[in-house]
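Report on the structure given below.
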Amino acid sequence: MDWRKELPLLSSVQGQNRKFLIAATTTVIFSKTEDEEVLEIQLERDPRVITTHSERKFGYSIPRPKLAKKLAEMKTSKRMGPVNLADENEPFWMSAGGVLPILTSDTEKYVIGFARDIFPIGYNAASGVSDNWSEILHPSSIIFREFFEELLITDKNHSVAYAFSNPKLTDLNTEMFLEKQAALWHLSLTEKKPSFMSPYPLNKKYRLVISHPSENFLEVTEGVLPVVWDIGSIDLIMPVRLHIDEPLNELAIFDGEQHWKDSGLALNRPVAALPFEGIENERRYGKPAAIWSSGNNIFEIPLLHSIYTPFTKITKR
2 MDWRKELPLL
12 SSVQGQNRKF
22 LIAATTTVIF
32 SKTEDEEVLE
42 IQLERDPRVI
52 TTHSERKFGY
62 SIPRPKLAKK
72 LAEMKTSKRM
82 GPVNLADENE
92 PFWMSAGGVL
102 PILTSDTEKY
112 VIGFARDIFP
122 IGYNAASGVS
132 DNWSEILHPS
142 SIIFREFFEE
152 LLITDKNHSV
162 AYAFSNPKLT
172 DLNTEMFLEK
182 QAALWHLSLT
192 EKKPSFMSPY
202 PLNKKYRLVI
212 SHPSENFLEV
222 TEGVLPVVWD
232 IGSIDLIMPV
242 RLHIDEPLNE
252 LAIFDGEQHW
262 KDSGLALNRP
272 VAALPFEGIE
282 NERRYGKPAA
292 IWSSGNNIFE
302 IPLLHSIYTP
312 FTKITKR
C-alpha cells in the first residue's frame, strides 16, 4: 500500500483531539566520524502524520530491507556518510524523545530505567511520543517534558522530594509536574529539595538538526543520542546527570506516568537503578542495584511469613 495515500496530511488534522502526533519524513541524513555524529531530519512543509494506534501499526509495518544494512554499518563503522537512512519507499517517523537519567556520586553511577513489558521488552529511558507539531520542531521540549512527567525521586520516607532544575529550562513549569506526581501517589511532602540536573558528558559530539521549509526553520540540539529503530522510528534521548548527594539506599523512586486508562492512577512500572560503565557504542550495564515498585525498594521488602499461617489476620496500619 502507498503510505502517502493511507495517512493524513498535517494540515487536515490540525485542531483535532488526539493523543499523539508522529510526522513522516523521507530525508534523514546521518554522518559519523571518530569525533562527531550528526543526524539531520528534514521535515516536509505539510507532512503525512500518524495520530491513531491503527495508523501507527500500519506505518511501523512498512518493509525496510535497505535500512537493516544501513543500521549495521552505523553500528560498526568509525566513519560513515553522509547517507540518507530513509527514502520514498522507506519513510521514517519523527516520533519520540526523552531523557536517560543518570544518578552519580563520587564512586558510583546508575542509569535509571523504567521496566517495559511490551515489545521491545526491557528497561527504557523516560521517553514518550510527541503531543503536537511544536514538539516535533523543538525536540528538547518533548525530551524534558517526558522526564518531568515520568520520574519522581524522594527520600526513603516519601516526604522529601527532589526538585530538579536547570537554568535553560525556562519554558517548563517544573513545580507543576512535581505537584501532579505527588498528588498521583498521594504523598504528603514536607520539603521540596532543590537539585541540579546537567547534560551528561559524552565521549564525542552528537548534533541533531531539524529543518523545515517554513520560514527557513532550523533547530540544532547538542548532546542528543539518536536511537534509530529498524521500524523506521527515531527516539531522541538526552543523557542527563542528576546531582543527588544521598546514597542509593536512602532514596525512593516512583514512576510518575499516569495510567493510559485512568489518569487518576499511576502506571506504576518497576523502576531500576542499573550500574553502568558507558552509555555510548558498547552499553555495559550491571544487574540492578535496586528496583522500586510504588516507591519501595523490592530488594528490601521483608518476607511476610505470617501470611502462610492459617487463620492469621493481617491488619493494615
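Just so we're aligned: 53 in my numbering is position 52 of the sequence shown, and the numbers increase by one with no gaps anywhere.
C-beta: ideal position from N, C-alpha, C; glycine also.
query	result
According to DSSP, simplified to helix, strand and coil, what is Lys76?	helix
Could you pull out every residue in the same chain whose Cβ sits closer than 7 Å to the Cβ of Asp88, ignoring the five residues on either side in sequence?	Thr27
If you count every other CB in all the chains shown that lies within 10 Å of the CB of Ile119, and 16 or more means buried, which is it?	exposed
Could you name each continuous beta strand (DSSP E) segment of 3 residues or more that falls completely within the stretch 149-209, going from the start of the chain to the end?	152-156, 161-166 and 192-200
Which partner residues does Gly99 have in the DSSP bridge list?	Ser128 and Ile238
Could you name the residues of the same chain whose beta carbon sits closer than 7 Å to that of Glu45, not counting the 5 residues immediately before and after it, in chain order?	Thr26
Give every residue of the same chain whose Cβ lies closer than 8 Å to the Cβ of Asp47, excluding the five residues on either side of it in the sequence, and list them in chain order.	Leu10, Leu11 and Ser12
Near Leu72, which residues of its chain fall below 7 Å by C-beta distance, leaving aside the five closest residues on each side in sequence?	Val229 and Asp231
Please say whether Ile23 and Trp94 have beta carbons closer to each other than 8 Å?	yes
Measure the C-alpha to C-alpha separation of Val161 and Asn18 and round it to an integer number of angstroms.	37 Å
Based on DSSP bridge pairs, tell me the residues matched to Pro227.	Leu237
Using only alpha-carbon positions, find the residue among Glu223, Leu249, Ile211 and Gln182 that is nearest to Asn269.	Gln182
Could you check if Glu258 is buried or exposed, using at least 16 other CB atoms within 10 Å of its CB as the buried criterion?	buried
Quick one: measure Cβ to Cβ for Ala273 and Ala116, integer angstroms, because I've assumed they're closer than 8 Å.	7 Å
Count the C-beta pairs between the stretch 100-111 and the stretch 236-247 that are closer than 8 Å, then say yes if the count reaches three, no if not.	yes
Suppose the cutoff is 7 Å on Cβ atoms and the five residues either side in sequence are ignored; what does the same chain contact list for Thr34 look like?	Arg80
Using beta-carbon positions only, say whether Tyr124 and Ser234 come within less than 8 Å of one another.	no
Going straight from the alpha carbon of Leu304 to that of Trp293, what length do you get?	16 Å
Check for me: the alpha helix (DSSP H) holding Phe59 runs from which residue to which?	His54 to Tyr61
What separation, rounded to the nearest whole angstrom, lies between the Cα atoms of Gly98 and Lys58?	19 Å
Quick one: what does DSSP say Pro140 is sitting in, helix, strand or coil?	helix
Starting from Leu8, follow the alpha helix (DSSP H) in both directions and report where the run begins and ends.	Segment: none, Leu8 is in no alpha helix (DSSP H) and carries neither H nor E.
Return helix, strand or coil for Trp94, following the three-state DSSP convention.	strand
So, helix, strand or coil for Ser212, using DSSP?	strand
Nearest CA to the CA of Glu301: which residue from Lys262, Glu278, Ala253 and Gly265?	Ala253
Tell me the rounded alpha-carbon separation between Gly287 and Leu275.	6 Å
Under the three-state reduction of DSSP, which class applies to Trp251: helix, strand or coil?	The residue asked about is misnamed: residue 251 is Glu in this sequence, not Trp. The answer is helix: DSSP assigns Glu251 an H, G or I state.
For the beta strand (DSSP E) that contains Thr34, what are its first and last residues?	Unbroken run through Thr34: none, as it is neither H nor E.
Using CA atoms only, rank isn't needed, just tell me which of Lys193, Tyr207 and Ala184 is closest to Ala267.	Ala184
Applying the criterion that 16 or more other CB atoms from any shown protein chain within 10 Å of the CB defines a buried residue, is Val112 buried or exposed?	buried
Would you kindly work out how many angstroms separate the C-alpha atoms of Lys63 and Asn250, rounded to a whole number?	The sequence shown places Ile at residue 63, rather than the Lys named in the question. Approximately 46 Å, taken between the alpha carbons.
Could you compute how far the alpha carbon of Glu223 sits from the alpha carbon of His213?	18 Å
Indicate whether Ser128 and Ile137 have their beta-carbon atoms separated by less than 8 Å.	no
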